[in-house]
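In my numbering, the protein residues as written are 77 to 242. Worksheet: the structure to be examined is printed underneath.
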Ligand SMILES: N=c1c2ncn([C@@H]3O[C@H](COP(=O)(O)OP(=O)(O)OP(=O)(O)O)[C@@H](O)[C@H]3O)c2ncn1[C@@H]1O[C@H](COP(=O)(O)O)[C@@H](O)[C@H]1O
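Right, dumping it as structure tokens:
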């Protein structure tokens, strides 16, 4: 599923700005005229205007999704998902992961980008549901930094199979 990802505004996470009406329809005679935003800029979070998109978007997305918990499911997809419980949230994440791997195997890079965004969004919903903070995951990634997966695997205690296990 690749419906909305890159350009949807993140209402709660974005710093305050005068909004769609206040910016686009601004009068030229205003006392302290501000540079009018383009249509594209209005649709992007403020932080994206100054610098290229980066992984900080994940923290902002987490804050938005968390803020949706317990809100009206008819106006927020995150609220709807969260209200449906862990099983459904996990199922949606699994579906998006499968769609992502399909695009990877098919070599369709453009579609893989969209599906990757879907996976990250649904993973974040999973974290909110489970009560995990992004910083918990960032800390785990940091802990692993510099440790080769090969070395880590080799350091695991060897399990000797008994006849019964086989
Ligand atoms: N990144 C996303 C995002 N990615 C995907 N989706 C939505 O996820 C839904 C997935 O659609 P599907 O048909 O696969 O799933 P479904 O509608 O639950 O269908 P069923 O499986 O229940 O039949 C679509 O409605 C997509 O628009 C997202 N919805 C929201 N966000 C972000 O979350 C923020 C908050 O969104 P709301 O909670 O909707 O306000 C937004 O500003 C965005 O930044």
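Glycine included, every Cβ here is placed at the ideal spot set by N, Cα and C.
(request) With a threshold of 16 other CB atoms inside 10 Å of the CB of residue 194, please say whether the residue is buried or exposed. (result) Your numbering for residue 194 matches position 118 in the chain shown. By the 10 Å Cβ count, residue 194 comes out buried.
(message) Following a CB-centred definition, is residue 163 positioned closer than 7 Å to any heavy atom of ligand 1?
(response) Within the chain shown, the letter at position 87 stands for residue 163. No, since every heavy atom of ligand 1 falls outside the 7 Å radius drawn around the Cβ of residue 163.
(message) Please state the DSSP three-state secondary structure of residue 222.
(response) Residue 222 sits at position 146 when you count from the first residue of the chain shown. In this structure, residue 222 counts as coil in the three-state DSSP scheme.
(request) Would you check if there are 3 or more beta carbon pairs closer than 8 Å linking the segment 127–144 to the segment 153–169? (result) Touching, yes, given that three or more Cβ pairs across the two stretches are closer than 8 Å.
(message) Please tell me whether residue 171 has its Cβ less than 8 Å away from any Cβ of chain D.
(response) In the displayed structure, chain D is absent; only one protein chain is listed.
(request) Could you say which of 225, 230 and 132 lies nearest to residue 211 if we only look at CA atoms? (result) Position 135 of the chain shown, counted from the first residue, corresponds to residue 211. For residue 211, the nearest C-alpha among the options comes from 132.
(request) Please report how far the alpha carbon of residue 231 lies from the alpha carbon of residue 222, in whole angstroms. (result) Working through the chain shown from its first residue, we reach residue 231 at position 155. Working through the chain shown from its first residue, we reach residue 222 at position 146. Approximately 15 Å, taken between the alpha carbons.
(request) Consider the C-beta atom of residue 134 and the heavy atoms of ligand 1; say whether any pair is separated by less than 7 Å. (result) Here residue 134 refers to the residue found at position 58 of the chain shown. Checking every heavy atom of ligand 1 against the Cβ of residue 134, none is found closer than 7 Å.
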